[in-house]
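Numbering of the sequence shown is given in the working numbering, commencing with residue 27 and proceeding in unit increments.
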Amino acid sequence: MKKYISTLYELQLLDDQLDELQASLGDLPASINHIKEEIRFRQSGIEERQQEIQDIKVRIEKNKEEAEKLKETINKSQKERFSVRSNKVYDALSKQIDHAEDTIKKMVLENEHLETKSVNLAEDIELMQPEIKDMQKELAEKEAELAEIQKASEKERKKLEDRRATVEAQIKKPDLNVYLRVRKARGGKAVASIKRESCSGCHSVIRPNNLLEIRKEDKIHTCEYCGRILISDRITEEVEKEFAI
């Protein structure tokens with residue numbers, strides 16, 4: 027059982043080293059993801075504006091076609107109005123002409139508004155395109171920097187990952203699940219040693235009878251306060267000595 031508990035601590039040490047390699051990348055991964063999101067956001071904005079400009083063109087053409095039809099209706103009604111003898115028919119044609127003229131005016135105003143909007147959208151696109159180019163340049167620079175850093179530690183990372191996979195395979199699934207859950211919840215530290223009769227993770231004092239049980243090294247114990255897996259001083263020293271840490 028002692029060897030099994032040692033394996034859990036070995037896994038923690040390997041994860042610590044992998045975390046250090048990840049930390050050496052600094053904020054580059056997060057920065058790269060942020061730039062990608064900004065590029066996607068602007069590209070989406072350009073596509074939406076381009077589609078809106080296209081929709082505006084269609085609407086303007088439709089208004090023009092409708093206006094031409096209404097003009098034809100006006101001309102026809104005006105001719106008919108001169109030949110009618112009934113006041114009722116004359117008034118009806120006059121109302122039809124007035125309505126058509128009002129509709130044309132509204133369409134003209136709408137088209138003017140749409141054309142202004144289209145110009146503004148096009149200007150937005152012109153402003154966003156250079157921004158995207160600048161971001162793409164910055165993205166390429168940061169990705170190159172990240173690749174260089176990763177290349178420098180590639181062999182070490184591969185070695186640690188391979189060793190970690192071997193160690194993880196030796197741990198029972200329920201125990202591994204506990205380890206992974208606590209590691210996620212406790213800032214990467216799932217296994218804690220005993221320092222001055224306290225948990226090195228949360229610094230809570232361990233009760234004397236629990237200390238004795240932990241030092242027997244015959245089963246897995248967890249901190250009753252933070253949930254970390256607790257290991258004896260001896261296991262800590264032996265595993266760290268083996269790792270030359």
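All C-beta atoms, glycine included, are put in the ideal place defined by N, C-alpha and C.
The region 203–265 contains, as complete alpha helix (DSSP H) runs of 4+ residues, the segments 234–242 (chain order). Excluding five sequence positions before and after L37, the CB atoms of its chain that fall closer than 8 Å to its own CB belong to R190, V193, E194, I197, Y205, V217, given in chain order. With at least 16 other beta carbons inside 10 angstroms of its own, T262 counts as buried. Between I220 and I246 a beta carbon distance of about 14 Å is seen, past the 8 Å cut, so the two are scored as non-contacting. Pairing N137 with N59 gives a Cβ-Cβ distance that is not under 7 Å. Around S179, the same chain offers L47 as residues with beta carbons nearer than 6 Å, after the five sequence neighbours per side are excluded. The three-state reading of DSSP puts L47 in helix, counting H, G and I together.
Judged by pairs of C-beta atoms under 8 Å, the region 62–81 does not touch the region 169–179, as fewer than three such pairs exist.
Around the Cβ of L256, a 10 Å sphere holds 16 or more other Cβ atoms; the residue is buried. Here D117 carries a helix assignment [DSSP, helix/strand/coil]. Within the model, the alpha-carbon separation for N236 versus A211 is close to 23 Å. Inter-segment contact for the region 89–100 and the region 114–134 is present: three or more beta-carbon pairs are separated by less than 8 Å.
Put simply, the backbone Cα of P156 is about 11 Å away from that of D150. Annotation: I197 is outside any alpha helix (DSSP H) and is labelled neither H nor E by DSSP. Ranked by Cα distance from R183, the options E266, Q43, K199, I31 are led by Q43. No Cβ-Cβ contact shorter than 7 Å links L153 with I82. For D81, the enclosing alpha helix (DSSP H) starts and ends at 54–109. Across the structure, S144 and Q80 are spaced so that their CA atoms are roughly 9 Å apart. Inclusion of V265 and S32 in the CB contact set at 7 Å is warranted, their separation being smaller than that value. A distance below 7 Å separates the beta carbons of R254 and G227.
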